[in-house]
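Beneath this line is the structure, given in structure tokens, with notes to follow.
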Amino acid sequence: MGTFVHRLTGIVMHLVPGGAFVLGQDDALPRELPRQTCQLAPFLVGRFPVLQREWDLLPGDDQRAHVGGSLPISGVSWASARAWLASAGLRLPSEREWEAACRAGSTQAYPWGTGLDGRAAWFLENSGGAPRDCTLHVQQPNAFGLVDMPGNVSEWCEDDLDLPGEGSSWQEGDPGKVHRGGSFDAPSIQLRSSFRGGSDPTKAYPDLGLRAFADVFRDEAAP
């Protein structure tokens with residue numbers, strides 16, 4: 001699997017090869033995608049969520065919920081996250097890209113299998129109520145080499161939150177923007193690869209952060 005270092009921020013990025021990905025669950029919860037196969041082009045994705053020290057390298061929203069170099073940035077709105085990534089030549093993922101990266105080829109409920117594994121993710125019951133150093137799980141990556149895809153901080157996606165396949169809103173008015181992965185402040189059920197969260201994109205939440213994605217062959221993501 002190819003690994004690249006983003007020149008401007010130093011973010012380590014892994015190549016997710018294009019192809020057919022099985023997403024969703026046969027036993028899908030109400031906010032999960034049903035089982036489906038989709039085709040995706042190859043893309044690059046950060047090994048970790050964007051870290052505090054990486055965020056500080058570029059101008060961005062100064063509102064942050066926690067301080068620490070290897071902690072994930074959190075407390076930033078969807079718009080701020082999107083703008084920061086764009087300033088670095090990066091982007092938010094589609095939720096299909098996010099789920100494909102999280103699953104890393106797995107078709108089970110979690111990237112590591114069918115049951116909960118507290119050694120590979122931070123969530124409400126084991127986090128102490130705060131985000132954790134992303135390097136603590138470096139020995140428990142998924143099959144694509146990605147760390148803390150489920151847990152620690154939930155991660156903004158590009159998509160509106162709507163009902164898959166029909167476009168109707170989950171809530172009245174603005175459907176919000178999708179975020180994925182659960183968080184240190186969320187119950188373990190939200191660690192499921194297909195679980196879909198959604199929040200107001202104009203607001204910042206203390207357990208919501210971002211992960212860098214990029215198209216393949218962009219100069220900014222060259223080795």
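Taking this note's numbering, I'd label the letters of the sequence shown as residues 1 to 223. Using N, Cα and C, we set each Cβ at its ideal position, and we do this for glycine too.
Can you tell me which of the three DSSP states L208 falls into? For this step, residue 208 is matched to residue 208 along the sequence shown. The three-state reading of DSSP puts L208 in strand, counting E and B together.
Is it right to say V138 is buried, meaning 16 or more other beta carbons lie within 10 angstroms of its own, or is it exposed? Position 138 of the sequence shown, counted from the first residue, corresponds to residue 138. Exposed, by the Cβ-count rule.
Inter-residue Cα distance where the pair is I11 and Q36: Position 11 of the sequence shown, counted from the first residue, corresponds to residue 11. Position 36 of the sequence shown, counted from the first residue, corresponds to residue 36. Using only the alpha carbons, I get a separation of about 31 angstroms.
Reference P150, options F144, S183, C157 and S87, closest by Cα: The residue you call residue 150 lines up with position 150 of the sequence shown. Ranking F144, S183, C157 and S87 by Cα distance to P150 puts S183 first.
The beta strand (DSSP E) that contains E99, what's its start and end? Counted from its first residue, the sequence shown places residue 99 at position 99. Where E99 is concerned, there is no enclosing beta strand (DSSP E), although the alpha helix (DSSP H) it sits in stretches over E95 to R103.
Span of the alpha helix (DSSP H) holding R80? Position 80 of the sequence shown holds residue 80. Reading the sequence as shown, one finds Ser at residue 80 and not Arg. It spans W78 to S87 - the alpha helix (DSSP H) in which S80 sits, taken as one unbroken run.
Using the Cα positions of L8 and L208, report the straight-line distance between them to the nearest angstrom. One-based indexing of the sequence shown puts residue 8 at position 8. One-based indexing of the sequence shown puts residue 208 at position 208. Cα-Cα distance, rounded: 23 angstroms.
Considering only their Cβ atoms, is the gap separating F213 from L90 smaller than 8 angstroms? Locating residue 90 in the sequence shown gives position 90, where the first residue counts as 1. Locating residue 213 in the sequence shown gives position 213, where the first residue counts as 1. In this structure, F213 lies closer than 8 angstroms to L90 by Cβ.
Given this structure, state the Cα-to-Cα distance separating M13 from E125, to the nearest angstrom. Numbered from 1 along the sequence shown, position 13 holds the residue referred to as residue 13. Numbered from 1 along the sequence shown, position 125 holds the residue referred to as residue 125. Cα to Cα, the separation comes out at about 29 angstroms.
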